[in-house]
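Under this note's numbering, read the sequence shown as residues 77 to 180, first letter to last. Where a beta carbon is used, it is the ideal one built from N, C-alpha and C, also for glycine. A quick write-up on the structure given underneath.
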Amino acid sequence: MASFQAIADPTRRAMLDLLREGRKPAGAIAESFPVSRPAISKHLRLLRRAHLVRETREGRNRIYELNPEPLRAVESWLEKYRVFWTQSLDNLKAMVEMEFAAPS
């Protein structure tokens, strides 16, 4: 899943957070991060290839916006594990409570 590889990097996750606020030109995105413009371009290209962002051209500017659809697929996949961990932790809690409630 390309989406997971794309969101594995903290800089790319921060870019997605920035784009939640709305469309931004590449230059504005670059100014928000302490890395080189070529590095920003590489990150944006990877996000675009994973379909997590859309790129449009307005004159000489490349404008990026968040595409939430692939993130919904990630969320759906993660939901199965949230249920698993919630049940596992509930079971652990019940075992610990029984242990402490039992007379010594």
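{"query": "DSSP state of residue 101 mapped onto helix, strand, coil", "result": "strand"}
{"query": "In DSSP terms, what residue 140 is bridged to", "result": "100, 131"}
{"query": "At least three beta-carbon pairs within less than 8 Å, the region 78-91 to the region 102-117", "result": "yes"}
{"query": "N-terminal and C-terminal residue of the alpha helix (DSSP H) that residue 114 is part of", "result": "113-125"}
{"query": "Proximity of residue 147 and residue 82 at Cβ, strictly below 8 Å", "result": "no"}
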